[in-house]
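Asker: Chains as they are written, first to last, in this note's numbering: chain C, 2 to 300; chain W, 458 to 1083; chain L, -5 to 206; chain P, 31 to 413; chain Z, 10 to 189. Okay, here's the structure, questions in a sec.
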Amino acid sequence: MNAYALLGIKLIGVSFGSMAVGLLFMGLGRKVTARIQRRMGPPFYQSFIDVIKCFTKTSITHNFVMDLGIIMALGGLIATAFFIPFANFSILGSSSVVIVLYLMSIGYLGMAMGVSASGNPNATIGISRALALMMGYEIPFVMVIMAMLITYNSSDLLTYAVAQSNGIGSWHIWKYPLGFIAVEIAFQAMVGEAPYDHMIAPAEIASGPMVELSGKYLGIGFLLHAVQLYVETGLIVNLFLGGASSWYVMLVKMFAVYFTTLSINAVMARYRIEQGIRHLWIWAGSFGLLQLIYTRIWG
Amino acid sequence: MTSNMLPFIVIAPVLLGLLMLSMPKRLNWWIFFLLNIVLAGVIFTLKSKGAMSFTFQWTLFGTGKVVQKLGVTPLGWFFLAISSAATLLFSMFSLDFNDKKHSTAIAPLWLMLVGATNGIFLSQDWISFFISWELMSWTSLFIIGHGKTSSFKAGIYYYALSFFGTMAMMAGIWLLFHRTGSWEISSGVLKTAQDLSSHRGFALTVLSLFTVAFLAKSALFPFHMWPQMAHAEAPDDFSAYLSGIMIKYGVYGLLLFIVPVFALTPRGTIKSISGVPWPMYILAVMSALTSVIGTVMAIFTNDMKKLMAWSTVANVGYIGVGLATGTSLGYAAAMFHTVNHMMFKGGIFASLAAVKYRTGEREMHRLGGLAYVMPITFFTFLLGIIAAAGIPPLSGFNSKWMIFQALFEKKMVFVATALFFASTGAFLYLFRGLHTIFLGQLSPRFRNVKEAPPLMSLSMIVLMILMLAAGIFPGLVTGRFNDILVAAGLNPIKTTLYSMTGSTTSINSTLVASVFALAVGVVFFLFVIGGRKRRVKMMDNYTCGEDPLDWNVGPDRYHYGYDFYQPIKGLFSWMPLGVVEKGYNALGRFMERLGNLVTSISADGTRLGWSFVLGVILIIVIGVVK
Amino acid sequence: MEMDNLYLANLREEKQNMWGGLVNYFRKRSMWMLYYCTGCGAIELPPTMTSRYDMERLGMGPMATPRQADLLLITGYLSVKTLKRVIWSYEQMQEPKYVVGFGSCPINGGIYWDAYPVINHLEAFIPVDMSIAGCMPRPQAIIDAFEKLMGEIQEGKAIGYKRYEKHYDWYKKNQDAVLGRTEAVLKPWNDPFASNPSVDELMALEKGESNV
Amino acid sequence: MYLPDGYTTLDKISENDDYAVYDLFFGPNHPGMHGNFGYVLDMVGTEILRVRPNAGQLHRGFEKAMENKLWAQNLSLIPRVCVPDPDPNEVAYCQAVEAILGVEIPRRARYIRSIVLEMSRLGSFLMGMGGVGGALGHYSTMYLMMIDRDLILDLFEALTGGRVYHIYNIPGGVRRDIPDGWTDKLLELCDRLESKLPEWDRLLYENPVVQDRLGGLGYISAEEAMSSGITGPSLRACGVKADVRIDTPYAAYDEIEINSKLSEGGDALARAVQVRLDFEEAVNIIRRLVKQLPDGDYKLDLGNISKLRVPKGDAYSKVEASKGEFGYYVVSDGGLKPYRVSVRGPSMPAGMYLCHKHLRGMKIDDVAVWMASFAICPPDIDR
Amino acid sequence: MSDNILARAGKMHGDKIECREKYKAQLEIKTHRDYVLNLLTWLKSERYVHLSFMSCIDWIEENEFELVWHVFSYESKNHILVKTRLNREKPWMHTAINIWPHVQPYEQEIHEMFGVYFPGNPDLSGLFLHNWLDLPPLRKDFIAKDYSLALYTTDALGLTPPFDDIDIVEITAEESRDGE
């Protein structure tokens, strides 16, 4: 029983840790974007201030589904974060990539449910866009993962990370170059940065799902994005960038992934949603498919 | 109890059903419910009685002695058990559902259908199997076309396809009989497996004839068109049965005949692709295609029952893929998904029936916001879609995970990609259903709608518990598979109450569920310590500062439900989705015309007309085989 | 009428709360303004927000909907039509919320003091926490005002929302006086064409009049 | 409700099924809305079925207020009609007054007016181009262009004392002469702006995403544009060589070469590119104006301008503003105050009429971009 | 006047119109209300395709409204002011919506601001004003200052706040701040 309690405490630590890492990235990211736009930008800890402020505000709810959805959303993503190996260490002992992919969906479902229960069509359009976009990026992503899966005959992220731990030459970037391109394009859509920021799209649907979130709901929304960043950058690092042997290397690699995304975001406009999905299918999809075919036949 | 129970559970419902045709309608449903309790009781005791069989002999003109045999195999019992349990739940649901309208004789027919179903799962010989199969087709035809013109059209459409399958099956049975000289299923399996190396052409002919029959029943490609007609037009409570149980007959057939044949065939006898015999690979591709088509069609469907019918098609695709891998993991996954699909689709159709019962609407965009007035229905639907989308703490994930593991084992990555596409797409259409029916703005028309009646709610709650249980403790279901696998000549799978082991990794579903619960607990803590919250009215919403009433915008005009995924519609325009449908429409029209012709010949109407057509074709087939 | 001073009451209350100062720090360092250009003063907001004056270094940023925003900027004059929307938005904002008036128009009507569609006293309709002089206020002035507002938040002085809550009746009465009029202010107008006559009817009518 | 011709499948859906239609509010409190304006969109799916424009939130009763103020007092009101581009208002009003007075202003004053007008145009174009970027979610362009707009405002401040509202043009000329060294700074700024153009091209106009988004959006043919009151860059983007500066020369434009290039196509991309081309040409025009700037008086002595009496008469004066033709129709009854001032803003035809035609069937994605591409400026609709 | 439009107009429309050249490239044609649409149609056929806008003037002493259509030709570069006078008591005018569809919002505005009625215009609902019950505001007999003082000032609103922690700048109707 004692072991379980210890594990529980560790997991609570991981959940707050993942939020903190994500918020730090968001703050640094805002700073980076600001520098690209030739301005000072907020302090790097700004996201923490924002989130804490959100929790001190009063908030509104439209019904119980909104509460349920928003809790389920962050809960699902934090649960996903438990399965991401951090610095070649998986706290639960297993980190199947299939679980990660599917468990992440519960976060999205919770978010979708919570915000569409608010009854605002803007939020619903945002969600329908997000889900439609999911069709665009999930398929290339899965194809690349499948290429790795048949190479290693394992779906454990830790296996991939350990397999790349022999220096920079053993990174999967070199082994699956096409796949890396596909995943990078898909990643841009996964974190919802331009040209795939359809879900938020302030000028079109006034920030989409966030439209009715206030106070602590908005705070949880921010944390959701933070944990999402943690999970998704962690996924990329474990898949392609050789995992990490220590926590700071891991953080640096994770931020490097996010940094690339932000730099593209800062100089890109937004596609129309159908253009975005078509673009994802044509580019990310074809690279992913080529990688899969290559690995299946010659890999 | 003895083996005489076997004919009882087949014949008693049929006879009672015939008897009930002249009884009061309200009483019918109670008899239906009570008999289902009895049947379920009997069936669950069968297991402990060990192997038993009941034999009945007679002489068929020109072919000699016929041995009809009913018996309990592990596979048959498994299907019998889940179908009887589900039927019991659905019949409880129907008790309340049918309290308002007593228009047609659905209960007696349904009871006969239950008998036929039991017959299919108990048959050990092709004659019994075929008779049960025919009885099932006929009764379900009349339930689907329950008196309304549009429904009857759907019924004809459904029967046309069934009929096509039945013809193929009959031909297959005759060929098999010709070859083996016996009506027994097990000998047919053995013989066909041997023939695959010696008389390959003959064996493949037999296999493909049976496959056509089973595919047609299970709505796999290219027979994926009928559920959207039949499920949508059938009585709302019957749709659950149709989707939960009836669509699985084909799966049962595949498990009964096709999969064992290939399991018994030594490796290397026939050429294989990706480690799978090529006919099975084709089956896998067709199943994956079914999944994709079902998903894409579901995404753009506006009618909630049609949407779920397409979803059923997509899920049967999953099951088909699982079967086609031919591994014990795939076999188990297919069965597991069959069970899960029965539960979650039963739950979804039950909640839709409850919605229809309370509101009378079928077009999704005319609804909205029902979660706030029908919470139990909403939660059933929610858990149903979580399971259907394959999201972890619920049962759907476990079976989907097993299917993927089976695919990874065989390195069938392209099929797996197609399934992933279907899985992501499932998320789209399921969420659409959730939003459009249950979330968003509650129309003033439905402000006074109440929760579903108690028995309906009760059966939905039971379904919810089952889904959760199978999700958190997969071993409850997977533990039952090893008998069946061994009986079918496959290796047992590794599974405990909490975890499953696949080809690439193992998964502890209980752990996943508990860490999810822990994470939700953490978030709940954050939620509680956050600032005060206030509940506002639904129309107190961000409207860019406008007062919606200034612009005559009420809740009905502030709910986005119609054409939900319209932006991505254009992306699928290249898919020739309409072609198959057109072909079937032509076939349907042809059958209808044929039916009309026969009807005009025999004044007694459709039933006689159909039997006439059937008789004619039977004679033709017999003649050909001879 | 009993007068009360919410400032003093609030200060007393804040002194008792040990977390008050900390909470106020987070509130002042993260003010999100509502993306709502109510008037011409909004033209100086883009420079304030963007690279040259960079409001974001103070932790401020635009937010799309009133649910998320803390700060409502009344950028200049307020027509009656906008007033209705501003009040709607203000009531949708979550507490604590602050209002900043730009220029002289929200204070006393400014250059539009005698214009028929423009109100003169914003303070009568919603509480204003800070006003910025000038038409229009320069970005430096805006940022200066924001920093002053931050000071007031830290000291617990920016309590307009509490005033609005407490004296809602009074604000509501003023709002109704302007927005919910049922009678003409000066002279009611009787539209001679209220029945929407067609051209033929009008012609016939005129012909009849000329004949008479 | 006003509906232009044309019956679409969306109409069919909405007629068969009332519940298929829902409403979205686009503005006034909306990040995609440029200013305080609104459209109420009746939607089917994500396509727009019908538009209900919601104007008047910026209505200040200018035309009434001007009747109650002296001729000179009105100078402080008129720049506020169009906030991003104030100077064309001043010039148009002053020209109308001068026309009724029948006076000819000094040549230097005309040149200074032209310089001010072109600078105002540059500032407004920067805001417009940034607005297109902002509507597309491409905020970096907006952020970067706003820096340069601010530099223009600095020069305005040096010249007139005001950043946004300059109140610089008065009947009879301009308020004060150009300070020493100001023109050099102006030329420096011109060089800077020109050197920035390649960067903006790369960021915005050559960006494949932007091209995909703008191409084909909101197409309008030359004939239709002319007969529905579209003016300025939007009309030139249809390939019509229409420019008030050339057609009805005012200020110093009859003495200055204007080589405006036309971008053809008539869609949003063409309009955006046209603004970019006009921007480049405006920089060149400023250089030519500064080069040819004559000496002399900067204003006509009209006596005490606050006691100005304008004889009975009426005149229409128009100016090429950044968004199109800005016109003032001024009527005087010979008194100390105008009898009637009527303002023609360039945004009304697009914002109030073309929206019905163009937004129908458009996706919600494109509304903000469409507005930005027509440079719809609500203050001059509402006045 | 490159296209000699005034001469041709005189020839074409005879005594129905009264035209003169006001300024360089700015002409004026006055006509009767019922003839305006004919004239506008003719002008459009003469390539005067651009309708800048239309405005209205309240000549209260003459008890008339004057409507002005501003028409421009991209070919001859002439700007023509087409004017007509309406009776102030029952002012109505044929809509020009069939000639220039974008005249619709202008007519809507004039209807709101002056009360001129345009039969045939499909939408004459209020465009700019909120809950307006008074005289149309741009009529000369509507005094904007009186309206503002009667509705928006401190004493009109009864502005004695029930709290003393802020000051409201008081403006009363007695305080004259007239521009003269």
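Note that beta-carbon positions come from the ideal geometry of N, C-alpha and C, so glycine has one too.
#1: At which residue ranges does the segment 703 to 748 of chain W contain complete alpha helix (DSSP H) runs of 4 or more residues, listed in the order of the chain?
#2: Rounding to the nearest angstrom, what Cα-Cα distance links serine 729 (chain W) and serine 119 (chain C) in this structure?
#3: Who are the Cβ neighbours of arginine 29 (chain Z) in its own chain at under 6 Å, not counting the five residues just before and after it?
#4: Are the C-beta atoms of valine 17 (chain L) and some chain C residue less than 8 Å apart?
#5: Quick one: list the residues of chain P neighbouring proline 100 (chain L), beta-carbon separation under 9 Å, in chain order.
#6: I need the DSSP call for serine 362 (chain P), collapsed to helix, strand or coil.
#7: Using 8 Å for Cβ pairs, my map puts leucine 132 (chain C) next to alanine 113 (chain C). What's the rounded Cβ distance?
#8: Quick one: using the 10 Å Cβ neighbour count with 16 as the cut-off for buried, is glutamine 898 (chain W) buried or exposed?
#9: Alpha carbon to alpha carbon, what distance is there between isoleucine 406 (chain P) and glutamate 294 (chain P)?
#10: Provide the residue span of the beta strand (DSSP E) that contains serine 208 (chain C), from first to last.
#11: Between which two residues does the beta strand (DSSP E) holding alanine 159 (chain Z) run?
#12: Does any C-beta atom of chain C lie closer than 8 Å to the C-beta of threonine 76 (chain P)?
#13: Scan the segment 185 to 212 of chain C for residues whose Cβ lies nearer than 9 Å to a Cβ of chain P and list them as they occur along the chain.
#14: If you count every other CB in all the chains shown that lies within 10 Å of the CB of glutamate 101 (chain Z), and 16 or more means buried, which is it?
#15: Helix, strand or coil for methionine 477 (chain W)? Go by DSSP, reduced to three states.
#16: Considering only DSSP beta bridges, list what proline 182 (chain L) is partnered with.
#17: Apply the 10 Å Cβ neighbour rule to leucine 133 (chain Z) and answer buried if 16 or more other Cβ atoms are within range, or exposed otherwise.
#18: Between valine 284 (chain P) and chain W, is any beta-carbon pair separated by less than 8 Å?
#19: Confirm, please, whether the CB-CB distance from tyrosine 955 (chain W) to glycine 928 (chain W) is below 8 Å.
#20: Helix, strand or coil, according to DSSP, for alanine 345 (chain P) in the structure here?
#21: Which residue comes first and which comes last in the alpha helix (DSSP H) that contains valine 340 (chain P)?
#22: Taking 8 Å as the CB-CB limit, is histidine 798 (chain W) close to chain C?
#23: For phenylalanine 92 (chain P) versus valine 399 (chain P), is the C-beta spacing smaller than 8 Å?
#24: Using the beta-carbon of each residue, which ones in chain C are nearer than 8 Å to valine 240 (chain P)?
#25: Go to glycine 841 (chain W), then tell me how far its beta strand (DSSP E) extends in each direction, as first and last residue.
#26: Indicate the three-state DSSP secondary structure (helix, strand or coil) for aspartate 325 (chain P) in the structure shown.
#27: Ordered along the chain, which non-local residues of its own chain (more than five positions away) have a Cβ less than 6 Å from that of threonine 596 (chain W)?
#28: If we require 4 or more residues per run, which alpha helix (DSSP H) segments fall completely within the segment 10 to 79 of chain Z?
#29: Applying the 10 Å Cβ sphere with the 16-neighbour rule, what's the burial state of tryptophan 583 (chain W)?
#30: In whole angstroms, give me the CA-to-CA distance for glycine 777 (chain W) and glutamine 651 (chain W).
#31: Within the 8 Å Cβ cut-off, does aspartate 412 (chain P) reach chain Z?
#32: Under 7 Å Cβ-Cβ, which residues of chain W neighbour isoleucine 13 (chain C)?
#33: Quick check: does the Cβ of threonine 32 (chain L) come within less than 7 Å of any heavy atom belonging to the ligand GTP?
#34: Distance cutoff 8 Å, beta carbons only. Does histidine 892 (chain W) sit that close to anything in chain C?
#35: Please confirm if tyrosine 999 (chain W) has its CB atom under 8 Å from at least one CB of chain L.
#36: Quick one: list the residues of chain C neighbouring valine 884 (chain W), beta-carbon separation under 8 Å, in chain order.
Answerer: Here's the rundown:
#1: 706 to 710, 716 to 721
#2: 53 Å
#3: Glu37
#4: yes
#5: Those do not exist, as proline 100 (chain L) stays about 14 Å from chain P at its closest Cβ, beyond 9 Å.
#6: strand
#7: 7 Å
#8: buried
#9: 20 Å
#10: Counting along the chain, serine 208 (chain C) falls outside any beta strand (DSSP E), and DSSP gives it neither H nor E.
#11: Per DSSP, alanine 159 (chain Z) belongs to no beta strand (DSSP E); it is in the alpha helix (DSSP H), 153 to 161.
#12: yes
#13: Ala195, Pro196, Asp198, His199, Ile201, Ala202, Pro203, Ala204, Glu205, Ile206, Ala207, Ser208
#14: For the record, residue 101 (chain Z) in the displayed sequence is tryptophan; it is not glutamate. By the 10 Å Cβ count, tryptophan 101 (chain Z) comes out buried.
#15: helix
#16: Z:Asp143
#17: buried
#18: Correcting the residue type first, residue 284 (chain P) is aspartate in the shown sequence and not valine. By this cut-off, aspartate 284 (chain P) is not an interface position.
#19: no
#20: strand
#21: Segment: none, valine 340 (chain P) is in no alpha helix (DSSP H) and carries neither H nor E.
#22: no
#23: no
#24: Ala270
#25: Run containing glycine 841 (chain W): none in the beta strand (DSSP E); it sits in the alpha helix (DSSP H), 832 to 845.
#26: coil
#27: Leu566, Met569, Leu570
#28: 14 to 22, 45 to 54
#29: buried
#30: 24 Å
#31: yes
#32: Val979
#33: What this structure holds is no ligand at all, so the ligand GTP is not there to describe.
#34: yes
#35: yes
#36: The sequence shown places phenylalanine at residue 884 (chain W), rather than the valine named in the question. Chain C residues near phenylalanine 884 (chain W): Ser106, Tyr109, Leu110, Leu132, Met135.
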